[in-house]
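Chemist: Sending over a structure as structure tokens; questions will come in a sec.
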Amino acid sequence: MHEMSLCESILQVLEQQATAQQYSKVKTVWLEIGALAGVEIEALRFSFDVVVQGSLADHARLEVIEVPGQAWCMPCGRNVVVQQLYDLCPYCGSHQLQVNGGDQMRIKELEVE
Amino acid sequence: MCGVCGCGEGHSHSHDHDHEHPHDHHDHDHGAEHTHAPGLSPKRMVQIEQDILAKNNRYAAENRRYFGERGILALNLVSSPGSGKTTLLTETISRLKDELDIAVIEGDQQTARDAERIRATGVPALQINTGKGCHLDAHRVGHALETLQPKDRSLLFIENVGNLVCPSAFDLGEAHKVVILSVTEGEDKPIKYPDMFHAADLMILNKTDLLPYLDFDSEQCIQYAKQVNPRIKILPLSAKTGEGMDSWLRWLKAELELQRIDYA
Ligand SMILES: Nc1nc2c(ncn2[C@@H]2O[C@H](COP(=O)(O)OP(=O)(O)O)[C@@H](O)[C@H]2O)c(=O)[nH]1
Ligand SMILES: [Mg+2]
Ligand SMILES: [Zn+2]
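Chains as they are written, first to last, in our numbering: chain A, 1 to 113; chain B, 1001 to 1264.
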């Protein structure tokens, strides 16, 4: 979804940070993307290359750290790993699951010069 | 090995990079990128730790504060195109406008048609055209508020761009996302587009007047929605015949009352 506008948001952060952190080029960007964040990583890569063209991050490499989805199962009283928002608890089959991890989309760090 | 240090020399890392990112999903191929002279490289690492949507979320928080300070109930209406958002709004407004102040922000890629449909009911409406954008964002909604100036203690509907995917990620500062699904779209939409049904607090199942002509399995649909979001409330209705509208109006008034509680 909306990978293009996510990449535009990423570029904005890179541009904002350039002054504060004193860099003029971004060589690598590390993102942390949760499995439940609704982000299609291949589409994100494609959009990224397009969006950063001609910017301070032109040709920058995108590294994606994928984080598994996690939810609290109420009947089991513990955290379980889920792949999708509609997954049932792998142990008890309940859908009383509360997502509590793996829905993030964060910029972690940059390699700059 | 971490891609940053592929060449093993010359970097002045500003922190102890722990090399533990799970990179297995992605083949590293960085021989060619590391042709700089060791020792001369100004390359370094910068830690950022920022939510990609941080900017939108900041604007959303501002909008939420704006609504809170004025006792305004803001609802973000999301659905695929044609599920009946604008029809539901005009029908709702004609039933409530004598007892409540109502305003509407309309989001569409093009045209001001929906804002005109709303204004025809006698309440203020502002159209935002997103152009190629597939969703409203909190920044544009913030500016719309400056122009629209919704009254204190009023009901503000934000009709998002018709799209069951993208608007789910963009908080506008609303009290609730309300997802509208019409029975002509098929009962499997909650599991096909789980992000949206997960993000919504209420699902309106619209166009129930058409059920006799379709194979739509309402029970299955409701079960799918609850599977994606155990807390979601579901109201079946027909904006056309008015069946089920009462429950929706009661929900709106109850939510508005809650929003007004901490408003003097
Ligand atoms: N049969 C029936 N048609 C409806 C109902 N609600 C909306 N429609 C029709 O669905 C079409 C799209 O409605 P509209 O309100 O423009 O949808 P939007 O794109 O979500 O704003 C219009 O032709 C409406 O008349 C309903 O409850 N029953
Ligand atoms: Mg509409
Ligand atoms: Zn369980």
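Every residue, glycine too, gets a C-beta built ideally from N, C-alpha and C. Just so you know, these numbers come straight off a predicted model, no measurement behind them.
Indicate whether at least one CB of chain B lies closer than 8 Å to the CB of residue 111/A.
Modeler: Counting from 1 along the first sequence, the entry for residue 111/A is found at position 111. Yes, its Cβ sits closer than 8 Å to a Cβ of chain B.
Chemist: Tell me which residues pass a beta-carbon proximity test against ligand 2: closer than 5 Å to any heavy atom, given in chain order.
Modeler: Counting every residue whose Cβ lies closer than 5 Å to a heavy atom of ligand 2, we get 1085/B, 1086/B and 1114/B.
Chemist: Run through DSSP, which three-state label would residue 78/A get?
Modeler: The sequence position of residue 78/A within the first sequence is 78, counting from 1. Three-state result, residue 78/A: strand.
Chemist: Tell me, please, whether the CB atom of residue 50/A is closer than 8 Å to any CB atom in chain B?
Modeler: One-based indexing of the first sequence puts residue 50/A at position 50. By this cut-off, residue 50/A is not an interface position.
Chemist: Roughly how many whole angstroms lie between the Cα atoms of residue 57/A and residue 1065/B?
Modeler: Here residue 57/A refers to the residue found at position 57 when the first sequence is read from its first residue. Here residue 1065/B refers to the residue found at position 65 when the second sequence is read from its first residue. When rounded, the distance between both Cα atoms is 35 Å.
Chemist: Ends of the alpha helix (DSSP H) at residue 1160/B?
Modeler: Against the second sequence, residue 1160/B aligns to sequence position 160. Where residue 1160/B is concerned, there is no enclosing alpha helix (DSSP H), given that its DSSP letter is neither H nor E.
Chemist: Who are the neighbours of residue 96/A on chain B, taking C-beta pairs under 8 Å?
Modeler: Start at 1 with the first residue of the first sequence, and residue 96/A comes out as number 96. Near residue 96/A (Cβ distances below 8 Å), the residues of chain B are 1230.
Chemist: Along chain A, which residues have their Cβ under 8 Å away from the Cβ of residue 1182/B?
Modeler: Translated into the one-based positions of the second sequence, residue 1182/B becomes position 182. In chain order: nothing, as chain A lies at least about 20 Å away.
Chemist: For ligand 1, is there a heavy atom less than 7 Å away from the beta-carbon of residue 1240/B?
Modeler: On the second sequence, position 240 is the one that residue 1240/B refers to. Yes.
Chemist: If the criterion is Cβ atoms closer than 8 Å, does the pair residue 1144/B and residue 1124/B meet it?
Modeler: Your numbering for residue 1144/B matches position 144 in the second sequence. Your numbering for residue 1124/B matches position 124 in the second sequence. Result no, Cβ atoms of residue 1144/B and residue 1124/B do not sit closer than 8 Å.
Chemist: Does the Cβ-Cβ distance between residue 1079/B and residue 1179/B come in under 8 Å?
Modeler: Position 79 of the second sequence holds residue 1079/B. Position 179 of the second sequence holds residue 1179/B. Yes.
Chemist: Is there a Cβ from chain B that is less than 8 Å from the Cβ of residue 47/A?
Modeler: Walking along the first sequence from the start, residue 47/A turns up at place 47. By this cut-off, residue 47/A is not an interface position.
Chemist: Between which two residues does the beta strand (DSSP E) containing residue 1050/B stretch?
Modeler: In the second sequence, the residue the question calls residue 1050/B occupies position 50. First-last of the beta strand (DSSP E) with residue 1050/B: 1044-1051.
Chemist: What runs of the beta strand (DSSP E), each 3 residues or longer, lie entirely inside the stretch 1183-1243 of chain B?
Modeler: Counting only runs of 3 or more, we get 1202-1206 and 1233-1236.
Chemist: Looking at chain B, is there any beta carbon in it that lies within less than 8 Å of the beta carbon of residue 106/A?
Modeler: As a first step, residue 106/A must be located in the first sequence, where it is residue number 106. Yes, its Cβ sits closer than 8 Å to a Cβ of chain B.
Chemist: Quick check on residue 1168/B - is its C-beta less than 8 Å from some C-beta in chain A?
Modeler: Working through the second sequence from its first residue, we reach residue 1168/B at position 168. Yes, contact with chain A.
Chemist: In angstroms with no decimal places, state the Cα-to-Cα distance between residue 1069/B and residue 1051/B.
Modeler: In the second sequence, the residue the question calls residue 1069/B occupies position 69. In the second sequence, the residue the question calls residue 1051/B occupies position 51. So the two alpha carbons sit approximately 26 Å from each other.
Chemist: For residue 1206/B, is the beta carbon positioned less than 7 Å from some heavy atom of ligand 1?
Modeler: The count along the second sequence starts at 1 and reaches residue 1206/B at position 206. Residue 1206/B Cβ: within cutoff of ligand 1.
Chemist: Does any C-beta atom of chain B lie closer than 8 Å to the C-beta of residue 101/A?
Modeler: Counting from 1 along the first sequence, the entry for residue 101/A is found at position 101. No, its Cβ sits nowhere closer than 8 Å to a Cβ of chain B.
Chemist: I need the DSSP call for residue 1028/B, collapsed to helix, strand or coil.
Modeler: For the purposes of this step, residue 1028/B is taken as residue 28 along the second sequence, with counting starting at 1. Low per-residue confidence applies at residue 1028/B: pLDDT is 43, beneath 50, and the placement is therefore not dependable enough to give any value.
Chemist: So what's residue 106/A in DSSP terms, helix, strand or just coil?
Modeler: To locate residue 106/A, count along the first sequence from 1; it is residue 106. Correct three-state label for residue 106/A: strand.
Chemist: Using a cut-off of 7 Å between C-beta atoms, extract the partners of residue 1053/B located in chain A.
Modeler: For this step, residue 1053/B is matched to residue 53 along the second sequence. Per Cβ cutoff of 7 Å: 9 and 105.
Chemist: State yes or no: is the beta carbon of residue 1135/B nearer than 8 Å to at least one beta carbon in chain A?
Modeler: Within the second sequence, residue 1135/B is the residue found at index 135, counting from 1. Yes, contact with chain A.
Chemist: By the three-class DSSP mapping on this structure, what secondary structure does residue 1085/B have?
Modeler: For this step, residue 1085/B is matched to residue 85 along the second sequence. Residue 1085/B: helix per DSSP, three-state reduction.
Chemist: Tell me whether residue 1103/B sits in a helix, a strand or coil according to DSSP, three-state version.
Modeler: In the second sequence, counting from the first residue as 1, residue 1103/B sits at position 103. Of the three classes helix, strand and coil, the one that applies to residue 1103/B here is strand, per DSSP.
Chemist: Would you check if there are 3 or more beta carbon pairs closer than 8 Å linking the stretch 1241-1249 of chain B to the stretch 1213-1226 of chain B?
Modeler: No, they do not touch.
Chemist: Find the nearest neighbour of residue 1173/B within the set 1138/B, 1230/B, 1122/B and 1204/B, judged by alpha-carbon distance.
Modeler: For the purposes of this step, residue 1173/B is taken as residue 173 along the second sequence, with counting starting at 1. Of the candidates 1138/B, 1230/B, 1122/B and 1204/B, the one whose C-alpha sits nearest the C-alpha of residue 1173/B is 1138/B.
Chemist: Does the Cβ of residue 1135/B have 16 or more other Cβ atoms within 10 Å, making it buried, or fewer, making it exposed?
Modeler: Locating residue 1135/B in the second sequence gives position 135, counting from the first residue. So residue 1135/B ends up on the buried side.
Chemist: Roughly how far, in whole angstroms, is the beta-carbon of residue 31/A from the beta-carbon of residue 85/A, given that I think they are within contact range, below 8 Å?
Modeler: Translated into positions along the first sequence, residue 31/A becomes position 31. Translated into positions along the first sequence, residue 85/A becomes position 85. Residue 31/A to residue 85/A, Cβ: 20 Å. No contact.
Chemist: Residues of chain B with a CB under 7 Å from the CB of residue 38/A: which are they?
Modeler: Against the first sequence, residue 38/A aligns to sequence position 38. Those within 7 Å of residue 38/A in chain B are 1168, 1169 and 1195.
Chemist: For residue 89/A and residue 1234/B, I'd like the C-alpha separation in whole angstroms.
Modeler: The count along the first sequence starts at 1 and reaches residue 89/A at position 89. The count along the second sequence starts at 1 and reaches residue 1234/B at position 234. Roughly 23 Å between the two C-alpha positions.
Chemist: Name the chain A residues that come within less than 8 Å of residue 1212/B, Cβ to Cβ?
Modeler: Locating residue 1212/B in the second sequence gives position 212, where the first residue counts as 1. Those within 8 Å of residue 1212/B in chain A number zero; the least Cβ separation is about 29 Å.
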